[in-house]
Structures are given as structure tokens and as C-alpha cells.
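Residue numbers for the sequence shown follow UniProt numbering, beginning at 1 and rising by one.
A virtual CB, placed ideally from N, CA and C, is assigned to each residue, including glycine.
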Amino acid sequence: MGYMIGVDVGGTFTDFSVFNLETGELFNYKDSSTPDDPSRAIVKGVKDVLDIKKAAPSEVSYLAHGTTVGTNALIEKKGAKVGLITTKGFKDLMEIGTQRRPSLYDLKAQKPYPLIPSGLNCGVTERILYDGSVETELDEEETREVIRYLKNKNATAIAVCTLFSFINPDHEQRIRKLIEEEYPEAYITTSCEISPEFREYSRMSTTVLNSYLGPVMKKYVHNFRESVHDMGVNVEPYITMSNGSIISIKETIDCPIKCAVSGPSAGAVAAAFIGKQCNADKIITFDMGGTSADISLIENYTPQVTNERDVEGYPCRIPMINIITIGAGGGSIAKIDAGGALKVGPESAGATPGPACYKRGGENPCVTDANIVLGKLNQKKILGGRMDVDVELAKKAIREKISNMSGLTTEEAANGIITVVNSNMVRAVRSVSVEKGYDVREFSLMAFGGAGPLHACEVAKELGMKRVIIPPHAGTLCSLGLLLADTRFDISRTSIVDGTAENLKTVNKMFEDMIRQGTEALNREGIPEVRRNFEFSIDMRYLRQNFEINIPVSTGKIDEELLKESIAAFHREHKRSYGYCNENATVQFVSYRLTAVGTIDKPEFVKKELHPEVPVPAPVEIRDVLFQGESERIKTPVYKRFDFTAGQSIPGPCICEQMDSTLVVPKNWVIHVDGYDNLQIDYREEN
Numbered sequence: 001m002g003y004m005i006g007v008d009v010g011g012t013f014t015d016f017s018v019f020n021l022e023t024g025e026l027f028n029y030k031d032s033s034t035p036d037d038p039s040r041a042i043v044k045g046v047k048d049v050l051d052i053k054k055a056a057p058s059e060v061s062y063l064a065h066g067t068t069v070g071t072n073a074l075i076e077k078k079g080a081k082v083g084l085i086t087t088k089g090f091k092d093l094m095e096i097g098t099q100r101r102p103s104l105y106d107l108k109a110q111k112p113y114p115l116i117p118s119g120l121n122c123g124v125t126e127r128i129l130y131d132g133s134v135e136t137e138l139d140e141e142e143t144r145e146v147i148r149y150l151k152n153k154n155a156t157a158i159a160v161c162t163l164f165s166f167i168n169p170d171h172e173q174r175i176r177k178l179i180e181e182e183y184p185e186a187y188i189t190t191s192c193e194i195s196p197e198f199r200e201y202s203r204m205s206t207t208v209l210n211s212y213l214g215p216v217m218k219k220y221v222h223n224f225r226e227s228v229h230d231m232g233v234n235v236e237p238y239i240t241m242s243n244g245s246i247i248s249i250k251e252t253i254d255c256p257i258k259c260a261v262s263g264p265s266a267g268a269v270a271a272a273f274i275g276k277q278c279n280a281d282k283i284i285t286f287d288m289g290g291t292s293a294d295i296s297l298i299e300n301y302t303p304q305v306t307n308e309r310d311v312e313g314y315p316c317r318i319p320m321i322n323i324i325t326i327g328a329g330g331g332s333i334a335k336i337d338a339g340g341a342l343k344v345g346p347e348s349a350g351a352t353p354g355p356a357c358y359k360r361g362g363e364n365p366c367v368t369d370a371n372i373v374l375g376k377l378n379q380k381k382i383l384g385g386r387m388d389v390d391v392e393l394a395k396k397a398i399r400e401k402i403s404n405m406s407g408l409t410t411e412e413a414a415n416g417i418i419t420v421v422n423s424n425m426v427r428a429v430r431s432v433s434v435e436k437g438y439d440v441r442e443f444s445l446m447a448f449g450g451a452g453p454l455h456a457c458e459v460a461k462e463l464g465m466k467r468v469i470i471p472p473h474a475g476t477l478c479s480l481g482l483l484l485a486d487t488r489f490d491i492s493r494t495s496i497v498d499g500t501a502e503n504l505k506t507v508n509k510m511f512e513d514m515i516r517q518g519t520e521a522l523n524r525e526g527i528p529e530v531r532r533n534f535e536f537s538i539d540m541r542y543l544r545q546n547f548e549i550n551i552p553v554s555t556g557k558i559d560e561e562l563l564k565e566s567i568a569a570f571h572r573e574h575k576r577s578y579g580y581c582n583e584n585a586t587v588q589f590v591s592y593r594l595t596a597v598g599t600i601d602k603p604e605f606v607k608k609e610l611h612p613e614v615p616v617p618a619p620v621e622i623r624d625v626l627f628q629g630e631s632e633r634i635k636t637p638v639y640k641r642f643d644f645t646a647g648q649s650i651p652g653p654c655i656c657e658q659m660d661s662t663l664v665v666p667k668n669w670v671i672h673v674d675g676y677d678n679l680q681i682d683y684r685e686e687n
């Protein structure tokens with residue numbers, strides 16, 4: 001017998017998915033997070049679930065977790081003291097940035113927190129040209145002096161980023177060796193290893209971010225590994241990456257920036273898997289937890305990946321699943337602002353003290369408090385009966401902080417809180433769909449997280465979406481995603497050439513080198529050859545454009561026929577994205593990307609027979625619920641989620657409770673239970 005365990009660490013709760021390889025049973029568990037040291041909640045939770053299952057730690061055959069340590073270090077500005085070594089004349093690039101200004105007309109806009117302390121950005125004499133030729137050799141003695149200076153200033157991490165190292169990395173590699181000689185205890189990141197692509201600001205920013213997080217992650221990973229081994233788990237744990245894959249801990253230490261948004265990415269992986277079960281190839285994910293809501297778009301059962309995004313105000317050129325995060329969770333705090341308007345979030349009450357109804361000393365009204373007052377959440381116990389709540393404390397918080405300052409009744413204020421937070425989430429969904437040229441009405445909304453199913457139908461209706469999908473264990477779907485992820489290594493190169501047959505030799509040489517590097521990475525992970533796969537793509541643009549579109553190609557050996565197909569695909573995608581294309585214009589190839597995939601064993605789920613003739617189970621209670629858009633409370637049946645039988649149809653309004661989440665189904669929506677226990681909820685137009 002063996003157990004696969006996936007752990008997702010959130011701001012409020014830590015979620016566990018446990019799969020029994022012998023029986024096929026999937027068990028889910030939630031416990032409060034420990035933000036001061038996330039590994040404490042993980043170790044405690046693993047012990048708890050093993051005790052519940054009467055299993056020994058030695059029976060764990062797989063353990064993976066998504067970590068927020070890197071994200072928290074960036075948010076709280078608790079990373080390492082970083083020194084920078086770059087080409088002389090470019091040491092202030094991190095402060096200068098680019099001409100892109102996210103708040104152009106905001107006279108009080110703040111620049112991002114400087115990751116490099118004043119005086120620790122240093123230039124050295126060297127110069128490599130755009131074609132890789134050396135104009136000025138590296139001054140090694142000067143470089144040694146700079147390294148000693150950074151050591152004396154107690155910089156614990158050093159970022160190395162020189163001009164055109166993505167074409168010729170010799171000088172950066174030599175600087176690394178000099179650092180290892182002069183300051184061996186320093187954490188080192190070189191841009192030619194972490195992000196060998198053009199655009200020096202993005203490349204430098206990514207390199208600095210990695211060094212900023214390196215020592216923090218190294219310490220956390222070491223403590224986590226030791227804690228797990230001390231409790232008797234013999235397997236080497238995995239960490240989730242921001243691209244939705246998993247890698248071993250030893251790889252995480254070298255590239256911590258690749259784990260910056262690892263938790264939400266696992267949810268997108270699981271959503272794509274559930275989408276295949278439901279034959280839904282167009283999905284917008286809606287992952288709402290206690291602190292935030294994460295939104296992403298999945299097309300053809302594949303999450304969208306972006307090759308650059310901002311992380312705490314700095315560009316990060318690392319492949320990540322394209323996820324939009326907003327401060328809208330069950331713990332988001334509602335307040336009346338100086339202008340008298342009702343606002344919700346982004347501040348969160350977190351796990352401690354949490355919403356007022358948690359009875360942990362919280363005095364601020366939160367989204368969870370509003371849902372309990374409205375009757376949408378159980379007004380006595382949550383977490384499957386393990387946690388008591390107090391509806392009177394929720395009412396008191398809303399009355400004192402909202403009603404007394406606005407003239408609204410308690411019910412009106414609670415309903416207003418839900419209206420505001422739903423509007424915030426509607427805008428986020430539109431930003432990944434409508435604003436990108438997609439018709440949101442063609443998609444299904446897959447809701448998960450502890451609070452996602454509470455709001456899903458209301459959000460979908462406002463967007464004009466007709467179907468909502470709720471996975472069986474919606475509140476812990478991210479931890480399930482950790483059991484479904486493969487090992488993936490994303491490798492890239494830059495060489496700007498026209499997309500013509502004359503340049504195919506250069507293009508194919510790029511892919512040959514990357515295949516070799518990807519093979520070495522999979523070798524380190526111990527992935528057998530029969531479980532390896534390589535995916536290829538090229539970033540393309542029209543001549544004189546400044547940004548590219550990534551176009552997949554079927555193989556790394558491109559001939560003239562595939563060249564024509566890929567350029568035609570670029571024209572089509574350009575028209576879909578921007579509304580026009582120019583088939584007579586020159587198309588440039590800019591960057592080349594390879595993903596080396598190692599397939600990992602995954603849980604197998606058996607489809608149940610459908611029994612539509614089975615009567616709908618009796619509700620556990622009838623509760624007075626105030627739905628959005630209704631003036632009066634409606635007597636609503638409350639069901640236990642897993643009392644349903646595959647094949648049944650259950651009309652709304654109703655509420656379905658389970659340990660890890662609660663589903664609210666307004667009127668005119670109908671639940672259909674499929675063979676995998678997913679709830680597919682369809683909207684029927686009002687008569």
C-alpha cells in the first residue's frame with residue numbers, strides 16, 4: 001500500500017489531498033495555516049491525515065507541495081541582501097527600468113521597493129557585442145575587488161547580469177568562478193542560466209529576484225526536507241513550479257523564482273484535468289480562497305502560459321501559468337471608505353484572527369461573515385463540523401463597521417458586501433477573456449477553493465456564462481493538482497532572424513542545443529526515456545514590432561513546409577489577438593522555447609454508472625437564504641454534497657455542503673451529477 005500526498009499552503013488554510021494507490025480512495029483534509037513557518041502546518045497536517053488513515057509515514061510514496069514562501073518574502077520584503085555585478089555603465093538599470101508606466105497619470109505612484117540596497121549595484125569593465133564578439137575583455141582584478149567589496153558589505157546573494165550574455169555567456173561564467181573563489185558562501189545567480197533571453201531590464205530583474213529569494217528558499221527547503229524525513233517519510237519531496245509542474249527540492253534551490261506563484265498554478269493543472277472529464281475544452285478557472293481569488297483561462301484542455309509577468313512590480317521573464325490574482329477571498333475585509341462607498345479587500349483577516357464569526361477575536365466584517373448572515377454558509381459549524389462559527393458575531397461586526405456608518409440594515413450591508421466582491425471577480429474574469437479577444441459566453445466557469453462555489457453561479461450569470469462546473473473536492477483542488485502535475489523544464493534562447501528558409505540552420509541549431517539541455521535536466525530528475533516528451537515553440541513578430549506572439553511548432557527540426565505552416569499560424573493568431581494581420585510583411589523569429597516534459601505516475605479515477613432514476617436525497621435542513629437580487633429570503637434545501645448519486649439532477653435554489661467548501665445554487669440553475677462526481681450546473685432562462 002502507498003499514499004500520494006499533495007499539500008497546498010494558502011494564506012488561511014493548508015489543504016491536503018491524499019490518494020490511496022491500492023484502493024483508489026481520495027481523501028481531503030484542511031487545517032489552519034501557520035504563516036510564521038508554513039512547514040509546521042504541513043508536517044502537522046501530514047501526521048494528522050496519516051493518523052486518520054492509520055498509515056505509517058513510511059507508506060508515503062509521493063509528497064509534493066506548493067509553497068508561498070517565495071511570494072511572502074517578496075510581499076514582506078524579507079529576502080536576502082543582494083549585490084549586483086553588471087557591465088560598467090549599466091549598474092542603475094534596476095532603478096531606471098523602462099518607459100512603461102502602469103500609472104502614467106498618478107502623481108503619487110510609488111516605484112517598487114528596491115531589491116538592491118544603495119551602493120551594492122556595481123559595474124565591471126567588460127563588453128560583449130550584439131553578435132557575441134568580445135570588444136573588451138573582462139577585467140578580472142577589478143571584478144575580484146568588487147566581489148570583496150560586496151562581501152565586506154555583507155551581501156549574502158549576488159546577481160550577475162552583463163550585456164549580451166544570452167548570446168555569449170563567457171564573461172558571466174567567469175565572474176561566477178571568481179565569486180566562488182573569493183566568496184564561496186554567497187548565493188549566486190547568473191542571467192545566462194536563469195533567463196538567457198534578450199531585453200536586458202527583464203533579464204536583470206529576473207536574475208535579481210532569483211538571488212533575492214535564493215537564501216530564503218534554501219533555508220526553508222532544507223528545514224522542510226529535514227522535518228519530513230524526521231517524521232519518517234522516506235521519499236524526496238517535490239515542489240510545484242509556477243508553470244504548473246513539479247521539480248525536486250534540489251532543483252528548487254537553484255531557481256526559487258520559478259516557484260513564485262506555485263500554489264495557484266496547481267489549481268489550473270487540476271482544472272484542465274477535470275475539464276477533460278467533463279468534455280469542456282474551454283474553461284475559465286475561478287479559485288477563491290480565504291485571502292485572494294485566482295483567475296485563469298484554459299483552452300483545448302491546456303492552461304495558458306505567459307513568458308513574462310510582473311512580480312511585486314518587477315518584470316519576471318520566467319514561464320508561468322497566466323493567472324490573475326485579486327484580493328477577494330472569504331477573509332477579505334469590508335469597510336466604508338472616506339467617500340462613504342462600500343469597499344471589499346484587498347486587506348484580509350487571514351487565518352488569525354480571521355472573520356468575526358470564527359470566534360478568534362476578529363472584529364472586522366469579512367466576506368465569510370456576510371455569507372453566514374445571508375444564510376449561504378452554515379451558521380453553526382464549517383469544515384465538516386470541525387470548526388464552530390457564531391452568526392451573532394458576524395452580525396455585530398457588519399452592524400458596527402458597515403451599517404452604523406452607512407444607514408444600511410445588517411442584511412442590506414451583507415448583501416452589499418457580496419455584490420461588491422462579485423463585481424471585483426467579474427472584472428478579473430473579463431481581464432483574462434474579453435480583454436484578450438475571447439467570448440466569455442463560450443466558456444464554462446470552473447469554481448473551486450473554499451469560497452469559489454459560494455459565488456460561482458452569481459458571477460457566471462453576470463458574465464452571461466451558462467455553465468458552472470464544481471469538482472468533487474472543490475475546496476482542495478489545488479492540492480489535488482499537485483498529484484496530477486508532471487515534471488517540466490522550460491528552456492529558451494534568443495536569436496533574431498527573419499523567418500526564411502535561409503535561416504533554418506540557425507533555428508534548428510538552437511533547438512538541438514535546448515534538446516540537449518532538456519535531456520540533461522530530465523536525467524537529473526531520473527525520468528526514464530519512455531516518459532519523456534519535448535514541446536517546441538517560437539516567439540514571432542512582424543518586422544519593427546516590439547512584442548512577440550508565441551507560436552507552437554510540432555518538432556525541433558523545422559523544414560520549409562513546417563516553416564510555412566508556423567508563419568501562417570502566426571498570421572492567424574495575430575489577427576485573433578489584434579484584429580488584423582499582414583501576410584505580405586516580413587515575419588521575424590525572436591526567441592525559441594523548448595519544454596522538456598517528464599510524465600509522472602498519477603491517480604486514476606474510475607467513472608461511475610449513471611442512475612438518474614434514483615430520487616434526490618432528503619435535505620439535512622431547510623434554511624432561509626437571501627440570494628443576490630432577491631428582496632426576501634427563500635426557504636432553501638441544504639444537502640450534503642456526497643449524498644448525491646451520479647446521474648441525478650437537482651434544481652435550484654439549493655445549497656450543497658461538504659467539508660472543504662459550500663455550493664450556492666440560485667433559482668433557474670440545475671445541477672447535473674456526472675460519473676466522476678463533478679457537478680455541472682446549467683442556467684435555464686427565466687420563464
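Check                                                                                                                                                                               : Outcome
Any idea if LYS108 is buried or exposed, counting beta-carbon neighbours within 10 angstroms, 16 or more meaning buried?                                                            : exposed
So which of VAL43, ILE295, ALA186 has the shortest CA-CA distance to ASP230?                                                                                                        : VAL43
Nearest-angstrom Cα distance between SER431 and ASN422?                                                                                                                             : 14 Å
What residue does the alpha helix (DSSP H) around GLN680 start on, and which one ends it?                                                                                           : Not the alpha helix (DSSP H): GLN680 falls in the beta strand (DSSP E), residues 679 to 683.
Tell me whether PHE547 is buried or exposed, calling it buried when 16 or more other Cβ atoms sit within 10 Å of its Cβ.                                                            : exposed
Might you give, ordered along the chain, the residues of its own chain that have their beta carbon closer than 7 Å to the beta carbon of GLU25, omitting 5 neighbours on each side? : none
As a quick exercise: from LYS250, PHE570, LEU482, pick the residue whose alpha carbon is nearest that of ARG524.                                                                    : LYS250
Whole angstroms is fine: what's the gap from ARG101's alpha carbon to TYR201's?                                                                                                     : 14 Å
Any idea which residues DSSP pairs ALA64 with across the strands?                                                                                                                   : GLY6, TYR238
Looking at ALA80: is its Cβ nearer than 7 Å to the Cβ of PRO256?                                                                                                                    : no
Out of TYR542, ASP559, LYS635, VAL530, which one is the CA nearest neighbour of PHE589?                                                                                             : TYR542
Along the chain, where does the beta strand (DSSP E) containing ILE96 start, and where does it finish?                                                                              : Unbroken run through ILE96 is the alpha helix (DSSP H), 93 to 96; no beta strand (DSSP E).
Looking at the secondary structure, which residues open and close the beta strand (DSSP E) in which THR86 lies?                                                                     : 82 to 87
Could you give the uninterrupted runs of the beta strand (DSSP E) lying entirely in the region 438 to 499, keeping only those of 3 residues or more?                                : 444 to 448, 467 to 470, 487 to 498
Just the Cα atoms here: how many angstroms apart are THR352 and MET387?                                                                                                             : 14 Å
Hey, how far is the Cα of PRO637 from the Cα of CYS654?                                                                                                                             : 5 Å
Runs of 3 residues minimum, wholly inside the region 115 to 194: which ones carry the beta strand (DSSP E) assignment?                                                              : 121 to 124, 134 to 136, 157 to 161, 187 to 190
Grab me the residues of ALA56's own chain with a C-beta within less than 8 Å of its C-beta, minus the 5 sequence neighbours each way, in chain order.                               : LEU50, GLY232
Ends of the beta strand (DSSP E) at ARG225?                                                                                                                                         : First-last for ARG225: 200 to 230, but that is the alpha helix (DSSP H), not the beta strand (DSSP E).
Spatial neighbours of GLN517 within its chain, please: C-beta separation below 6 Å, excluding the five flanking residues on both sides.                                             : ILE491
What distance in whole Å lies between the Cβ atoms of ILE418 and ALA370, which are believed to be in contact at a cut-off of 8 Å?                                                   : 5 Å
So, under 8 Å CB-CB, residue 731 and LEU342 are touching, yes? Tell me the CB distance rounded to an integer number of Å.                                                           : There is no way to answer for residue 731, as the model of the chain reaches only from 1 to 687.
Give the secondary structure of ASP254 by DSSP, where H, G and I count as helix, E and B as strand, and everything else as coil.                                                    : helix
Do the region 603 to 612 and the region 459 to 468 meet, that is, are 3 or more Cβ pairs less than 8 Å apart?                                                                       : no
With which residues is SER265 paired in a DSSP beta bridge?                                                                                                                         : Answer is none; SER265 lacks a bridge partner.
Could you tell me whether the Cβ atoms of ALA271 and ILE283 are closer together than 7 Å?                                                                                           : yes
In chain order, which beta strand (DSSP E) runs of at least 3 residues are fully inside the region 586 to 628?                                                                      : 587 to 598, 621 to 625
Going by DSSP in three states, SER103 sits in which element: helix, strand or coil?                                                                                                 : coil
Enumerate in chain order the residues of its own chain whose CB-to-CB distance from VAL269 is below 6 Å, with the five nearest sequence positions on each side excluded.            : GLY244, GLY481, LEU484, ALA485
When the Cα atoms are used, what is the spatial distance from SER649 to TRP669?                                                                                                     : 11 Å
Drop a sphere of 10 angstroms on the beta-carbon of ASP310, count the other beta-carbons inside from all chains shown, and report buried for 16 or more, exposed for fewer.         : exposed
Taking GLU198 and PHE166 to be in contact with their CB atoms under 8 Å, please state how far apart those CB atoms are, rounded to whole angstroms.                                 : At residue 198 the sequence reads Phe, which differs from the Glu that was named. Sure, about 6 Å apart at Cβ, within 8 Å.
Does the separation of the CB atoms of ASP37 and SER479 fall below 7 Å?                                                                                                             : no
Measuring alpha carbon to alpha carbon, tell me which residue in THR207, GLU140, VAL664, LEU74 is nearest MET94.                                                                    : THR207
I'd like to know if the region 638 to 648 and the region 670 to 687 are in contact, where contact means that at least 3 CB-CB pairs between them fall below 8 Å.                    : yes
Does DSSP put PHE642 in a helix, in a strand, or in coil?                                                                                                                           : helix
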